[in-house]
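Student: Pasting a structure here, questions to come.
Number of protein chains: 2
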Amino acid sequence: MPYTAPVSEFKFLLEHVVDIAQITATERFCEATPDVVDAILREIGHLCDGIIAPLQREGDLHPAALENGVVRTSPGFAAGYRAIAEGGWLGLSASPEHGGMGLPLTLNTALNEMLSGACLALQLCPLLSQGQIEALEHHASDEIKAVYLPKLVSGEWTGTMNLTEPQAGSDVGAVQTRARDNGDGSFAITGQKIYITWGDHDVAENVVHLVLARLPDAPTGTRGLSLFIVPKWLPDADGVPDAPNGVTVVSLEHKLGLHGSPTCVMQYDGATGWLVGAPQGGMAAMFTMMNNARLGVGTQGIGVAEAAFQHALAYARDRRQGRTPSGERSILGHADVRRMLGGMQADIFAARAIALSCAAAIDMQQATGSAEWAARAAFLTPIAKAFGTDTGIAVANEGVQVHGGMGVIEETGAAQFCRDVRVTAIYEGTNGIQGMDLVGRKLSDGGEAAFSLIKEVEDTARAARDAFSAEAEALWDAAQSLREGTEWLLAQDDLNDRFAGSVPFLRAFARVLGAQFHLRAAQAAPRGNRAALMRLYFAQQLPELGGLLAQAQSGAGPLYALDFHAQGD
Amino acid sequence: MPYTAPVSEFKFLLEHVVDIAQITATERFCEATPDVVDAILREIGHLCDGIIAPLQREGDLHPAALENGVVRTSPGFAAGYRAIAEGGWLGLSASPEHGGMGLPLTLNTALNEMLSGACLALQLCPLLSQGQIEALEHHASDEIKAVYLPKLVSGEWTGTMNLTEPQAGSDVGAVQTRARDNGDGSFAITGQKIYITWGDHDVAENVVHLVLARLPDAPTGTRGLSLFIVPKWLPDADGVPDAPNGVTVVSLEHKLGLHGSPTCVMQYDGATGWLVGAPQGGMAAMFTMMNNARLGVGTQGIGVAEAAFQHALAYARDRRQGRTPSGERSILGHADVRRMLGGMQADIFAARAIALSCAAAIDMQQATGSAEWAARAAFLTPIAKAFGTDTGIAVANEGVQVHGGMGVIEETGAAQFCRDVRVTAIYEGTNGIQGMDLVGRKLSDGGEAAFSLIKEVEDTARAARDAFSAEAEALWDAAQSLREGTEWLLAQDDLNDRFAGSVPFLRAFARVLGAQFHLRAAQAAPRGNRAALMRLYFAQQLPELGGLLAQAQSGAGPLYALDFHAQGD
Chain V
1 MPYTAPVSEF
11 KFLLEHVVDI
21 AQITATERFC
31 EATPDVVDAI
41 LREIGHLCDG
51 IIAPLQREGD
61 LHPAALENGV
71 VRTSPGFAAG
81 YRAIAEGGWL
91 GLSASPEHGG
101 MGLPLTLNTA
111 LNEMLSGACL
121 ALQLCPLLSQ
131 GQIEALEHHA
141 SDEIKAVYLP
151 KLVSGEWTGT
161 MNLTEPQAGS
171 DVGAVQTRAR
181 DNGDGSFAIT
191 GQKIYITWGD
201 HDVAENVVHL
211 VLARLPDAPT
221 GTRGLSLFIV
231 PKWLPDADGV
241 PDAPNGVTVV
251 SLEHKLGLHG
261 SPTCVMQYDG
271 ATGWLVGAPQ
281 GGMAAMFTMM
291 NNARLGVGTQ
301 GIGVAEAAFQ
311 HALAYARDRR
321 QGRTPSGERS
331 ILGHADVRRM
341 LGGMQADIFA
351 ARAIALSCAA
361 AIDMQQATGS
371 AEWAARAAFL
381 TPIAKAFGTD
391 TGIAVANEGV
401 QVHGGMGVIE
411 ETGAAQFCRD
421 VRVTAIYEGT
431 NGIQGMDLVG
441 RKLSDGGEAA
451 FSLIKEVEDT
461 ARAARDAFSA
471 EAEALWDAAQ
481 SLREGTEWLL
491 AQDDLNDRFA
501 GSVPFLRAFA
511 RVLGAQFHLR
521 AAQAAPRGNR
531 AALMRLYFAQ
541 QLPELGGLLA
551 QAQSGAGPLY
561 ALDFHAQGD
Chain E
1 MPYTAPVSEF
11 KFLLEHVVDI
21 AQITATERFC
31 EATPDVVDAI
41 LREIGHLCDG
51 IIAPLQREGD
61 LHPAALENGV
71 VRTSPGFAAG
81 YRAIAEGGWL
91 GLSASPEHGG
101 MGLPLTLNTA
111 LNEMLSGACL
121 ALQLCPLLSQ
131 GQIEALEHHA
141 SDEIKAVYLP
151 KLVSGEWTGT
161 MNLTEPQAGS
171 DVGAVQTRAR
181 DNGDGSFAIT
191 GQKIYITWGD
201 HDVAENVVHL
211 VLARLPDAPT
221 GTRGLSLFIV
231 PKWLPDADGV
241 PDAPNGVTVV
251 SLEHKLGLHG
261 SPTCVMQYDG
271 ATGWLVGAPQ
281 GGMAAMFTMM
291 NNARLGVGTQ
301 GIGVAEAAFQ
311 HALAYARDRR
321 QGRTPSGERS
331 ILGHADVRRM
341 LGGMQADIFA
351 ARAIALSCAA
361 AIDMQQATGS
371 AEWAARAAFL
381 TPIAKAFGTD
391 TGIAVANEGV
401 QVHGGMGVIE
411 ETGAAQFCRD
421 VRVTAIYEGT
431 NGIQGMDLVG
441 RKLSDGGEAA
451 FSLIKEVEDT
461 ARAARDAFSA
471 EAEALWDAAQ
481 SLREGTEWLL
491 AQDDLNDRFA
501 GSVPFLRAFA
511 RVLGAQFHLR
521 AAQAAPRGNR
531 AALMRLYFAQ
541 QLPELGGLLA
551 QAQSGAGPLY
561 ALDFHAQGD
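Residue numbers (UniProt numbering), protein chains in the order written: chain V, 1 to 569; chain E, 1 to 569.
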């Protein structure tokens with residue numbers, strides 16, 4: 001069953017739910033007229049449906065492989081990547097100065113979701129390049145920018161991120177890779193990095209690594225980290241890849257999913273690199289791109305969720321099994337099948353609206369420089385990441401269930417979505433870390449950003465009172481509960497009492513925001529499926545809120561009373 | 001990290017939570033003295049830890065394969081199976097008349113869980129034999145019993161269940177396989193069956209199929225189905241496998257998990273079989289064993305959950321990453337890691353207690369013939385099946401999350417639990433069908449069985465008032481909410497309004513039962529981990545109840561208002 005990019009859904013959301021007009025009214029994004037937006041969404045749709053989606057199964061069946069030290073990618077992936085590059089899609093949001101289109105991240109988020117729905121394993125490659133482009137735009141010297149950015153934006157070269165080491169996963173400060181000054185402006189990088197996505201491949205002529213490493217005598221911990229750019233092939237004076245660099249692929253990981261995406265162990269043996277940003281400025285550079293990368297990963301979850309939903313719906317429409325109460329001949333007639341599919345769809349809508357509104361806040365921050373937009377973007381980012389990826393996992397899992405026995409037969413394709421999407425809740429900061437970020441750093445403003453979002457929810461509820469009184473009231477009540485929950489967290493003296501409830505709190509926030517967006521959509525299209533989907537969400541999904549907030553406010557006590565060391569011995 | 005069978009946990013549960021003394025006080029089960037129970041649990045533990053658990057990864061890496069029409073099983077599986085057979089474990093609950101031990105199903109449930117935790121792919125083989133033994137004990141002629149039961153109980157032969165056909169999955173009534181009377185007491189069976197677990201193998205000398213088929217001129221639907229016994233090798237007059245029968249393996253399925261368990265497409269070409277039970281009595285015979293098989297599958301989920309929990313806990317204990325608020329050096333110091341592991345453990349306890357109390361009710365039904373015990377067993381069965389398998393899936397998924405990036409690397413083993421356990425929510429009646437069974441057939445007594453269980457919850461709450469006043473009150477309130485939810489379902493005129501809320505209702509019931517069992521355990525061991533785990537469940541898991549009951553009572557309306565046909569076109 002082929003994937004169909006949800007182009008008209010994005011149009012509706014951009015117009016009615018996240019107010020793209022506000023973005024395109026700024027000088028920075030004034031070129032993104034409605035016509036341009038429409039044309040771009042349509043083009044992305046063609047690319048994803050026609051060229052990228054057929055690669056999804058290929059990547060799973062024919063994994064990327066290491067042959068004589070070089071990664072050979074899955075059949076068709078090189079052509080698929082070239083189609084993305086030639087469409088100019090690597091540079092959708094990149095600066096026009098280096099060949100980018102300079103369009104809003106909101107549109108780029110739509111691009112990323114549709115590519116992810118079509119083939120997540122391939123989409124990772126351009127996603128990493130996007131992150132590298134952003135990092136270089138903000139932190140690299142003009143010289144480095146001039147050499148690397150045009151190549152990355154055109155897609156001739158691709159980018160990777162090298163943070164993780166065996167002893168340094170979530171704890172980036174434990175990184176041990178060393179950098180020695182060569183005395184000629186370059187550095188010699190030595191160390192091993194793991195989990196390097198698309199660390200090597202045969203789809204483009206060069207691979208450019210951004211590597212976190214430690215200069216001699218640098219302090220321990222994150223403060224001592226610097227960022228280096230290390231190309232696989234060293235460019236000559238004209239920027240043409242010329243001499244091989246001291247970087248090799250040691251092995252590929254054997255993963256649950258994403259078989260088409262080579263996950264490399266990389267060895268740097270005195271590889272030549274150049275500083276990006278200031279010495280010891282590695283974390284600052286990382287943080288610049290991390291927020292957008294996290295949004296990007298949340299968007300991956302939503303893309304897979306959409307694909308898994310379409311796949312399950314198509315199966316349910318065709319499958320006849322048992323008499324149904326409604327007399328419908330397919331299993332769509334069964335209430336529980338509808339409950340599953342409706343819940344999947346309602347959550348996809350919520351997660352997508354949250355991701356787009358996060359992207360919109362980043363765009364507004366960029367366009368206006370406003371601290372308020374920045375705070376809003378920062379607050380929404382961990383929610384978009386964790387809720388988007390949790391939704392991906394939950395929807396893919398429910399998609400298998402809709403298929404019944406066929407769901408676990410690999411040829412059906414439903415199980416692959418589960419396998420592929422699972423890691424999105426882990427990489428780019430586990431969802432637990434997203435929760436800690438939300439209740440820690442993102443509430444460190446005394447709750448200003450949180451309360452401003454809650455206030456907006458109340459405004460939405462107020463505005464919907466006439467058209468949807470019951471749901472408006474439910475949303476209002478939800479906002480009050482969420483406010484109380486937020487106040488409870490803020491009142492805790494021990495930060496660990498916040499951390500204990502961080503994941504349920506994040507989810508509670510997402511539930512309320514999702515309700516708000518559903519209500520906005522229903523107001524824009526009060527008849528038909530939009531309102532029906534909104535009502536289903538209020539009946540089936542929003543009721544989770546009470547339990548989530550109770551969990552969020554139960555503190556660290558019960559968690560630390562349990563003795564895990566006494567067990568299993 | 002090796003699996004350790006939770007022997008002492010079972011002892012505690014049997015003694016303090018499900019009251020095995022009540023069972024062993026009956027004449028039927030008087031031989032199951034505490035010494036016998038202890039010795040048996042210990043033996044099972046040795047078998048599972050030492051012999052079966054090492055096969056878990058083997059089965060995944062070296063799947064069962066079809067070679068020249070015969071299934072070759074994974075390395076070590078034959079020896080593992082023989083150890084199970086030679087221990088007499090196939091017949092733990094089988095009648096002594098044919099070589100069984102005649103011990104309570106409650107003990108057999110412990111056996112099944114521990115075998116599943118050690119290696120689910122292998123455990124499926126004896127589980128299927130158990131089901132066949134039970135079916136033959138109840139429905140087969142003395143002649144068939146005499147030939148087949150001793151072989152099945154000794155494990156020399158294994159059993160399979162053949163229900164599903166491509167067009168007949170959950171809708172068993174659509175079965176088309178035909179049976180023609182040979183005029184000599186035997187029948188010629190012709191048709192194709194799919195999803196036949198352990199349909200062929202090399203671990204024992206014969207494979208005995210129970211096949212649902214239709215006699216000539218039989219009515220359509222389930223009423224027209226008869227059950228036949230069809231051995232792979234036809235026994236001679238002395239019961240020795242002699243001539244090949246007309247049954248072949250067409251292919252093996254390529255599955256998400258359980259690679260060590262051969263899932264066969266079977267072709268019957270006029271294969272010789274004999275009636276089990278009356279003509280057109282196939283469904284009656286199926287239903288006899290289906291309840292216990294469903295409990296068995298629920299138990300599989302719990303076994304995998306236990307193994308995944310142990311695996312994740314061992315990883316967390318070892319893994320150092322980041323400064324933790326508690327100063328603990330492993331990631332066990334992080335509140336969210338404790339939240340995940342504590343939730344896993346609390347749910348495993350709840351699911352295990354529910355499964356054991358279901359088994360205990362079946363034992364009491366068998367020992368006393370009481371209709372009340374029968375109704376209780378029937379009511380608990382879909383809850384044990386769905387909650388046990390949902391817990392398996394959720395815990396395995398959380399186990400991957402605890403591992404962080406290592407979780408999706410197959411060598412770690414965490415991901416295999418997810419892949420292996422996924423199908424348990426589907427086979428032996430999807431969990432959606434369990435929900436429909438619960439709110440349909442199992443509430444057709446006007447709620448008598450449900451209210452009797454709720455009354456027991458209230459009694460538990462009352463008894464705990466002094467020792468645990470806050471939790472006793474919470475449990476009492478939960479019982480009231482559950483009663484209201486049950487009354488709401490019973491009051492619906494349209495059965496589909498019940499069906500719409502059936503899955504959340506089932507889960508709500510499990511949540512309350514789980515709370516009850518946790519409280520009982522804490523009362524029996526009021527200090528230390530039992531009480532801490534109970535408090536964690538009340539803080540983190542029980543609060544789901546409100547949302548679940550709201551979902552359960554939202555009716556079919558919102559689900560049918562959504563037009564799935566209008567979408568994606």
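Glycine included, C-beta positions come from ideal geometry on N, C-alpha and C.
Only a predicted model underlies this, so the values are computations on that prediction, with no experimental measurement involved.
Confirm, please, whether the CB-CB distance from Leu90(V) to Ser116(V) is below 8 Å.
Tutor: Not closer than 8 Å, so no.
Student: Since Asp563(E) is in the beta strand (DSSP E), which residue starts that stretch and which ends it?
Tutor: Careful: Asp563(E) lies outside any beta strand (DSSP E) and carries neither H nor E.
Student: Please list, in chain order, the chain V residues whose beta carbon lies closer than 8 Å to that of Phe499(E).
Tutor: The answer, in chain order, is Pro325, His334, Ala335, Asp336.
Student: Between Thr190(E) and Tyr315(E), which are expected to be in contact by the criterion C-beta below 8 Å, what is the C-beta distance as a whole number of angstroms?
Tutor: Not a contact, Cβ separation roughly 52 Å.
Student: If I follow the unbroken alpha helix (DSSP H) through Trp89(V), where does it start and stop?
Tutor: Trp89(V) -> no alpha helix (DSSP H), and no H or E assigned at all.
Student: Against chain V, does Tyr560(E) count as a neighbour if the rule is that its beta carbon must be under 8 Å from one of theirs?
Tutor: At least one chain V Cβ lies under 8 Å of Tyr560(E).
Student: Within 8 Å, do at least three Cβ pairs link the stretch 137-146 of chain V to the stretch 67-87 of chain V?
Tutor: No, because fewer than three Cβ pairs between the stretch 67-87 of chain V and the stretch 137-146 of chain V fall closer than 8 Å, the two stretches do not touch.
Student: In this structure, does DSSP put Glu97(V) in helix, strand or coil?
Tutor: If DSSP states are grouped into helix, strand and coil, Glu97(V) belongs with the helices.
Student: Should Leu152(V) and Val208(V) be called a contact, given that it needs their Cβ atoms to be closer than 8 Å?
Tutor: In contact: Leu152(V) and Val208(V) (Cβ atoms closer than 8 Å).
Student: Rank Leu533(E), Asp493(E), Ser554(E), Ala467(E) by C-alpha distance to the C-alpha of Phe505(E) and give the top, closest one.
Tutor: The option with the nearest alpha carbon to Phe505(E) is Ser554(E).
Student: Are Met266(E) and Asn162(E) closer than 8 Å when you measure CB to CB?
Tutor: For Met266(E) and Asn162(E), yes; Cβs fall inside 8 Å.
Student: Hey, is Met436(E)'s beta-carbon within less than 8 Å of any beta-carbon in chain V?
Tutor: For Met436(E), the answer is yes, since a Cβ of chain V falls inside 8 Å of its Cβ.
Student: Got a sec: does the ligand FAD put a non-hydrogen atom nearer than 7 Å to the Cβ of Ala21(V)?
Tutor: Ligands are entirely absent from the displayed structure, and the ligand FAD is therefore not among its contents.
Student: Among Glu456(V), Gly303(V), Val172(V), which one has its Cα closest to the Cα of Asp49(V)?
Tutor: The shortest Cα separation from Asp49(V) among Glu456(V), Gly303(V), Val172(V) belongs to Gly303(V).
Student: Closer than 8 Å by beta-carbon distance: list the chain E residues that pair up with Thr222(V), in chain order.
Tutor: What Thr222(V) touches in chain E: nothing, since even the nearest Cβ is about 11 Å away.
Student: Shortest alpha-carbon distance to Ser226(E) belongs to which of Phe287(E), Ala500(E), Val249(E)?
Tutor: Nearest option by C-alpha distance: Phe287(E).
Student: So which residues of chain E does Gly303(V) contact, with C-beta pairs closer than 9 Å?
Tutor: By Cβ distance, chain E contributes nothing, its closest Cβ being about 15 Å from Gly303(V), past 9 Å.
Student: Looking at chain E, which residues of the stretch 248-281 of chain V have a Cβ within less than 9 Å of any of its Cβ atoms?
Tutor: Under the 9 Å Cβ criterion, the stretch 248-281 of chain V contributes Glu253, His254, Lys255, Leu256, Gly257, Leu258, Thr263.
Student: Closest to Pro216(V) by CA distance: which of Asp336(V), Gln176(V), Lys193(V) is it?
Tutor: Selected option, being the one with the closest Cα: Gln176(V).
Student: For Leu61(E), which of Gly76(E), Asn68(E), Ile51(E), Gly69(E) has the nearest alpha-carbon?
Tutor: The shortest Cα separation from Leu61(E) among Gly76(E), Asn68(E), Ile51(E), Gly69(E) belongs to Gly76(E).
Student: What do you reckon, are the CB atoms on Ala394(E) and Pro558(V) nearer than 8 Å?
Tutor: No, Cβ-Cβ distance for Ala394(E) and Pro558(V) is not below 8 Å.
Student: Excluding the 5 residues flanking Cys30(E) on each side, which residues of the same chain have their C-beta closer than 6 Å to its C-beta?
Tutor: None.
Student: Rounded to a whole number of angstroms, what is the C-alpha to C-alpha distance between Leu519(E) and Ala561(V)?
Tutor: So the alpha carbons of these two residues sit roughly 16 Å apart.
Student: For Ser8(E), does the three-state DSSP call read helix, strand or coil?
Tutor: Ser8(E): helix per DSSP, three-state reduction.
Student: I want to verify the contact list: residues of chain E whose CB lies under 8 Å from the CB of Ser469(V), in sequence order.
Tutor: Chain E residues near Ser469(V): none, gap ~16 Å exceeds 8 Å.
Student: To the nearest angstrom, how far is the alpha carbon of Ala64(V) from that of Leu120(V)?
Tutor: Looking at the two C-alpha atoms, the distance is approximately 14 Å.
Student: Tyr427(E) versus chain V: which residues are under 8 Å apart at the beta carbon?
Tutor: Per Cβ cutoff of 8 Å: Gly405.
Student: Compute the distance between the beta-carbons of Ala467(E) and Pro526(E), then report whether it is under 8 Å.
Tutor: In this structure, Pro526(E) lies closer than 8 Å to Ala467(E) by Cβ.
Student: Quick one: does Ala110(V) have its CB under 8 Å from some CB of chain E?
Tutor: It does not: the Cβ of Ala110(V) has no partner Cβ on chain E nearer than 8 Å.
Student: Could you tell me whether any Cβ in chain V is nearer than 8 Å to the Cβ of Val18(E)?
Tutor: False, the Cβ-Cβ gap to chain V never drops below 8 Å.
Student: So, does the CB of Glu484(V) fall closer than 8 Å to a CB anywhere in chain E?
Tutor: It does not: the Cβ of Glu484(V) has no partner Cβ on chain E nearer than 8 Å.
Student: Give me the chain V residues within the contact set of Ala532(E), using Cβ-Cβ distance strictly less than 8 Å, ordered along the chain.
Tutor: The answer, in chain order, is Pro558, Ala561, Leu562, Asp563.
Student: Residues bridged to Pro244(V) by DSSP?
Tutor: DSSP output for Pro244(V) lists Trp233(V) as bridge partner(s).
Student: Can you find a C-beta in chain E that's less than 8 Å from the C-beta of Thr164(V)?
Tutor: Interface residue, yes.
Student: Classify Val265(E) as helix, strand or coil using the three-state DSSP reduction.
Tutor: Strand, per DSSP.
Student: Per DSSP, which one or two residues make a beta bridge with Trp157(E)?
Tutor: Paired residue(s): Asn206(E).
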